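Reviewing the structure listed below.
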Amino acid sequence: MLKGPLHFFAISVDYSKETNNETMKLKEVLESEVGYLRLDLQQVRDERERLLPQVQKLSAEVSKYKEWTGKSAAELGNLTTKSNELEGF
């Protein structure tokens with residue numbers, strides 16, 4: 007059995023090897039996780055690109071309906087005013 011500084015050095019080397027092994031395992035796990043996250047991100051981007059034309063189309067329709075609603079409300083106001091005038095209010 008080693009004693010003194012050599013014993014301490016041997017323990018330090020063993021500890022360094024264990025730490026290095028654990029670090030390498032953690033690195034592999036993290037690299038794998040990064041790979042999965044990149045794949046997920048690409049799927050989200052693809053889905054966004056696929057849905058973007060539909061969103062743009064629906065936004066245009068909403069704008070048209072808002073315009074029509076505004077025109078209808080204005081026309082209703084005019085007709086209500088005319089109706090009230092005809093009824094003598």
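Here the working numbering = 1-based position in the sequence shown + 6.
Glycine is no exception: its CB is placed at the ideal position from the N, C-alpha and C atoms.
Keep in mind it's a predicted model, so treat the numbers as computed, not measured.
Distance between Asn90 and Ala80, taken at the CA atoms: about 15 Å.
Annotation for Gly94: no alpha helix (DSSP H) segment contains it, and DSSP assigns it neither H nor E. The alpha-carbon separation between Leu45 and Leu58 amounts to approximately 20 Å.
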